[in-house]
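K.L.:
Number of protein chains: 2
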Amino acid sequence: MTRFSKDDCLADMRRRILSTDLQPGHDLDEVGLAERYGMSRTPLREVLQRLQGEGYVVMSQNRGAKVASMDIAVLRTFFQTAPMVYANIARLACENRTSAQLDALKIAQVDFTKATKGGKPDDAALANHKFHATIGHMAHNAYLVAALDRLLIDHTRLSQTFYRPASPSETMLVLKAVEQHDAMIAAIEAGEGALAIDLTIQHWDLSRDRMERFVRPNPLPVDVIPLKDRENAI
Amino acid sequence: MTRFSKDDCLADMRRRILSTDLQPGHDLDEVGLAERYGMSRTPLREVLQRLQGEGYVVMSQNRGAKVASMDIAVLRTFFQTAPMVYANIARLACENRTSAQLDALKIAQVDFTKATKGGKPDDAALANHKFHATIGHMAHNAYLVAALDRLLIDHTRLSQTFYRPASPSETMLVLKAVEQHDAMIAAIEAGEGALAIDLTIQHWDLSRDRMERFVRPNPLPVDVIPLKDRENAI
DNA sequence: TGCATACATAAAGTATACAAAAATTTTCAG
DNA sequence: CTGAAAATTTTTGTATACTTTATGTATGCA
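The listed protein sequences derive, respectively, from chains A and B. Quick note on numbering that gives the first Met the number 0: the first sequence kicks off at 0 and runs consecutively. Quick note on numbering that gives the first Met the number 0: the second sequence kicks off at 0 and runs consecutively.
(1) Answer with yes or no whether the minimum CB distance from R49 of chain B to chain A is below 8 Å.
(2) Taking the alpha carbon of R207 of chain A as the reference point, which residue from A:L125, A:A114, A:Q79, A:P218 has its own alpha carbon closest?
(3) Applying the criterion that 16 or more other CB atoms from any shown protein chain within 10 Å of the CB defines a buried residue, is I71 of chain A buried or exposed?
(4) Which value, in whole angstroms, describes the spacing of the CA atoms of Q100 of chain A and G190 of chain B?
(5) Would you call the region 142–151 of chain B and the region 163–179 of chain B in contact, with 3 or more CB pairs under 8 Å?
(6) Is it the case that the region 110–126 of chain B contacts the region 43–62 of chain A, given that we only count it when at least three CB pairs across the two stretches are under 8 Å?
(7) Below 8 Å, how does it come out for the region 57–77 of chain B and the region 122–131 of chain A: are there three or more Cβ pairs, yes or no?
(8) Using a beta-carbon distance below 8 Å, is L74 of chain A in contact with chain B?
(9) Going by DSSP, name the residue or residues bridged to M58 of chain B.
(10) Run through chain B and tell me which residues come within less than 8 Å of R149 of chain A, C-beta to C-beta.
(11) Do the region 194–201 of chain A and the region 148–158 of chain A touch if we need at least three Cβ pairs shorter than 8 Å?
(12) Specify, as a first and last residue, the run of the alpha helix (DSSP H) that D20 of chain B falls within.
(13) Since T41 of chain A meets chain B, which of its residues come closer than 9 Å, beta carbon to beta carbon?
(14) Return yes when the Cβ of A141 of chain B is within less than 8 Å of the Cβ of T76 of chain A, no when it is not.
(15) Can you grab the Cα-Cα spacing for the pair T19 of chain B / I134 of chain B, in whole Å?
(16) Is T80 of chain B close to chain A? Criterion is C-beta to C-beta, closer than 8 Å.
(17) How about T199 of chain A and A86 of chain A: are their beta carbons less than 8 Å apart?
(18) Give a yes or no on contact between the region 31–49 of chain B and the region 32–39 of chain A, applying the rule of three or more CB pairs nearer than 8 Å.
(19) With C-beta atoms as the reference, is L172 of chain B less than 8 Å away from R209 of chain B?
(20) I need the straight-line Cα distance from D7 of chain A to R14 of chain A, nearest angstrom please.
(21) DSSP state of L238 of chain A, grouped into three classes?
(22) When you measure from the CB of A64 of chain B to every non-hydrogen atom of the ligand PLP, does any distance come out below 7 Å?
(23) What residues of chain B sit near V57 of chain A, judged by a beta carbon separation below 7 Å?
(24) Give the interface partners of V84 of chain B over in chain A, defined as CB-CB distance under 9 Å, in chain order.
(25) Could you check if P120 of chain A is buried or exposed, using at least 16 other CB atoms within 10 Å of its CB as the buried criterion?
(26) For V211 of chain B, count neighbouring C-beta atoms within 10 Å of its own C-beta (all shown protein chains included) and say buried if the count is 16 or more, exposed if not.
(27) Going by other Cβ atoms of all chains shown within 10 Å of its Cβ, with 16 needed for buried, is L47 of chain B buried or exposed?
(28) Report the CB separation of L17 of chain A from I152 of chain A in whole angstroms; it is logged as a contact under 8 Å.
(29) Can you check the region 99–175 of chain B for any alpha helix (DSSP H) of at least 4 residues that lies completely inside it and give the ranges in chain order?
(30) I need the straight-line Cα distance from L104 of chain B to F213 of chain B, nearest angstrom please.
(31) Given this structure, state the Cα-to-Cα distance separating P216 of chain A from G24 of chain A, to the nearest angstrom.
(32) Please name the residue in A:G118, A:P42, A:Q201 whose C-alpha comes closest to that of V30 of chain A.
(33) How long is the line joining the alpha carbons of A138 of chain B and I187 of chain B, rounded to whole angstroms?
(34) Below 8 Å on C-beta distance, what does G52 of chain B contact in chain A?
(35) If you draw a straight line from the C-alpha of N61 of chain B to the C-alpha of D102 of chain A, how long is it?
(36) What residue does the alpha helix (DSSP H) around S206 of chain A start on, and which one ends it?
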């Protein structure tokens with residue numbers, strides 16, 4: 000049995016939730032997780048409490064923990080709030096970034112680029128998460144970062160299909176996202192707040208279109224194959 | 000020994016931190032707190048984890064929990080962020096409020112009014128906190144509320160002196176705050192977003208002036224009483 | 001058969017003992 | 001007397017046994 004440290008367990012749980020390996024609403028069993036991570040229930044419960052504090056899970060009295068859901072109300076709020084918070088974070092990042100943080104951002108972008116070119120959708124989504132979380136740190140604003148981090152959880156979960164392009168035009172969109180990241184890095188490094196906001200909004204628009212298509216996919220064709228023909232076909 | 004439930008313990012800890020009964024940066028001893036609240040360390044640690052998730056305390060590995068500090072960086076960020084978040088929350092509250100929440104808001108305002116007129120500064124600060132947290136609930140936006148709740152922690156801690164008016168003109172300011180609350184209730188009830196934002200900014204300006212004076216009080220007089228005269232006076 | 005109540009089972013919550021880490025004090029060489 | 005190393009104490013972290021709560025199931029009565 001592999002024994003995880005509490006930090007590693009926390010990181011792995013975050014990863015599994017972000018990649019929807021653990022789906023929204025999924026019930027989390029303390030005993031099962033404690034066994035999986037090779038620790039007793041006490042530290043595992045602390046991990047769950049932490050995850051709740053970060054918005055990854057919700058807990059209720061005597062009812063255990065669930066992965067935070069993504070119902071219609073959450074989605075509505077998400078699309079309503081994200082651009083405003085993202086834009087403000089970008090502006091603050093321009094004002095407060097440090098060179099060490101810029102290095103971290105560039106590394107995240109390298110990882111992101113590799114994952115997209117290498118056709119590793121899960122890694123790409125997580126590297127994208129890291130990229131935007133790093134911009135959050137640069138903003139140096141604990142209040143807005145609390146909002147941002149929660150937005151990024153849902154954003155990453157919603158953009159699962161983004162990095163699994165199904166057509167050449169979809170592949171183009173991913174490439175465009177990579178380019179936008181590069182432009183954002185340059186704007187932040189140069190401290191050009193207005194430009195960074197502009198790029199952030201463009202990046203959001205790109206992402207939003209794909210997410211909306213994921214949330215509301217094309218309807219199934221109305222003129223379905225008659226049932227008895229289908230039975231023959233199988 | 001009085002045995003607290005975990006929820007009561009959590010609420011009491013929040014109250015003590017908001018009222019600066021537990022000052023920013025104060026070290027929290029698990030054993031001592033467990034004894035005080037009549038529970039074992041396990042549930043008390045969970046309370047601390049929760050408080051960390053809510054931004055009341057910070058915890059570090061093998062080093063225990065501290066009440067969240069309020070250093071210069073925090074204050075700077077606070078004044079920078081609060082009006083934007085408050086205004087957006089007010090607008091959303093107008094759009095999404097329910098009648099039950101309006102009732103809760105009116106009750107909070109009654110408590111607030113009583114506490115200010117009754118000369119109970121601690122109660123007034125907490126009732127004010129409750130009032131604004133209730134507007135937060137009305138906004139129905141988990142992302143922004145995460146930012147708001149953290150802002151309100153620091154706002155409440157900073158406004159400790161506000162409800163201890165030292166002069167008639169300061170008493171007037173408290174009365175004005177009460178009136179502003181009433182106007183805000185009316186605007187939210189009527190769903191007048193633009194008005195609610197306007198009132199919120201006015202309310203913020205009032206509060207900000209007092210907080211800034213608390214952070215940067217008038218300097219001590221330069222022509223101090225010579226030391227030997229003071230010794231005689233004592 | 002339908003419903004309610006009691007019982008069984010499983011899961012969450014709590015207490016406590018023990019282990020590990022940090023902080024403090026003591027001791028002793030220089 | 002000073003400072004570093006060792007020992008002690010204090011505090012935090014973890015495992016586990018026990019208690020309480022919730023839920024599902026069965027049984028009996030109308």
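Just so you know, even glycine gets a beta-carbon here, dropped at the ideal spot from N, CA and C.
P.N.:
Answer, in terms of the structure:
(1) Translated into the one-based positions of the second sequence, residue 49 of chain B becomes position 50. Yes, because at least one Cβ of chain A sits closer than 8 Å to the Cβ of R49 of chain B.
(2) What you label residue 207 of chain A is simply residue 208 of the first sequence in a count that begins at 1. That would be A:Q79, whose Cα lies nearest to the Cα of R207 of chain A.
(3) Walking along the first sequence from the start, residue 71 of chain A turns up at place 72. With fewer than 16 other Cβ atoms within 10 Å, it is exposed.
(4) On the first sequence, residue 100 of chain A is found 101 positions in, with the first residue counted as 1. On the second sequence, residue 190 of chain B is found 191 positions in, with the first residue counted as 1. Computed Cα separation, rounded: 43 Å.
(5) no
(6) no
(7) no
(8) What you label residue 74 of chain A is simply residue 75 of the first sequence in a count that begins at 1. Judged by the 8 Å Cβ criterion, L74 of chain A is not in contact with chain B.
(9) Counted from its first residue, the second sequence places residue 58 of chain B at position 59. B:A64, per the DSSP bridge assignment.
(10) As a first step, residue 149 of chain A is located in the first sequence; it is residue number 150 there, counting from the start. Residues of chain B passing the Cβ test: A141, Y142, A145.
(11) no
(12) Counted from its first residue, the second sequence places residue 20 of chain B at position 21. Taken as a continuous stretch (DSSP letters only), D20 of chain B belongs to no alpha helix (DSSP H), as it is neither H nor E.
(13) As a position in the first sequence, residue 41 of chain A is number 42, starting the count at 1. Result: T41, R44.
(14) Sequence index remark: in the first sequence, residue 76 of chain A carries index 77 (1-based). Sequence index remark: in the second sequence, residue 141 of chain B carries index 142 (1-based). Cβ atoms of T76 of chain A and A141 of chain B: closer than 8 Å.
(15) Locating residue 19 of chain B in the second sequence gives position 20, counting from the first residue. Locating residue 134 of chain B in the second sequence gives position 135, counting from the first residue. Taking the straight line joining both Cα atoms gives about 23 Å.
(16) Indexing the second sequence from 1 puts residue 80 of chain B at position 81. Answer yes: the Cβ-Cβ gap between T80 of chain B and chain A drops below 8 Å somewhere.
(17) In the first sequence, counting from the first residue as 1, residue 199 of chain A sits at position 200. In the first sequence, counting from the first residue as 1, residue 86 of chain A sits at position 87. Contact: yes.
(18) no
(19) Position 173 of the second sequence, counting from 1, holds the residue named residue 172 of chain B. Position 210 of the second sequence, counting from 1, holds the residue named residue 209 of chain B. Contact: yes.
(20) In the first sequence, the residue the question calls residue 7 of chain A occupies position 8. In the first sequence, the residue the question calls residue 14 of chain A occupies position 15. Going by the C-alpha atoms only, they are around 10 Å apart.
(21) A query on residue 238 of chain A cannot be resolved here, the shown segment of chain A reaching from 0 to 233 and no further.
(22) Absent from the structure shown: the ligand PLP. Ligands present: none.
(23) Translated into the one-based positions of the first sequence, residue 57 of chain A becomes position 58. Residues of chain B passing the Cβ test: none, with the nearest at roughly 10 Å.
(24) Locating residue 84 of chain B in the second sequence gives position 85, where the first residue counts as 1. Under the 9 Å cutoff, chain A gives Y142, L143, A146.
(25) Position 121 of the first sequence, counted from the first residue, corresponds to residue 120 of chain A. Buried, because 16 or more other Cβ atoms sit within 10 Å of the Cβ of P120 of chain A.
(26) Mapped onto the second sequence, residue 211 of chain B falls at position 212. Note on residue identity: the sequence assigns Glu, not Val, to residue 211 of chain B. The residue in question, E211 of chain B, is exposed, as its Cβ has fewer than 16 Cβ neighbours within 10 Å.
(27) Start at 1 with the first residue of the second sequence, and residue 47 of chain B comes out as number 48. Classification of L47 of chain B: buried, given that the 10 Å Cβ count is 16 or more.
(28) What you label residue 17 of chain A is simply residue 18 of the first sequence in a count that begins at 1. What you label residue 152 of chain A is simply residue 153 of the first sequence in a count that begins at 1. About 7 Å; that satisfies the 8 Å criterion.
(29) 120–138, 141–157
(30) Residue 104 of chain B sits at position 105 when you count from the first residue of the second sequence. Residue 213 of chain B sits at position 214 when you count from the first residue of the second sequence. The straight-line gap from Cα to Cα measures roughly 28 Å.
(31) Working through the first sequence from its first residue, we reach residue 216 of chain A at position 217. Working through the first sequence from its first residue, we reach residue 24 of chain A at position 25. Approximately 21 Å, taken between the alpha carbons.
(32) Position 31 of the first sequence, counted from the start, is the residue given in the question as residue 30 of chain A. Minimum Cα distance to V30 of chain A is reached at A:P42.
(33) Here residue 138 of chain B is taken as the residue at index 139 of the second sequence, counted from 1. Here residue 187 of chain B is taken as the residue at index 188 of the second sequence, counted from 1. One C-alpha to the other measures close to 10 Å.
(34) Locating residue 52 of chain B in the second sequence gives position 53, where the first residue counts as 1. Simply Q48, R49, Q51, G52, E53.
(35) Within the second sequence, residue 61 of chain B is the residue found at index 62, counting from 1. Within the first sequence, residue 102 of chain A is the residue found at index 103, counting from 1. Approximately 30 Å between the Cα atoms of the pair.
(36) Counting from 1 along the first sequence, the entry for residue 206 of chain A is found at position 207. Unbroken alpha helix (DSSP H) run through S206 of chain A: 192–214.
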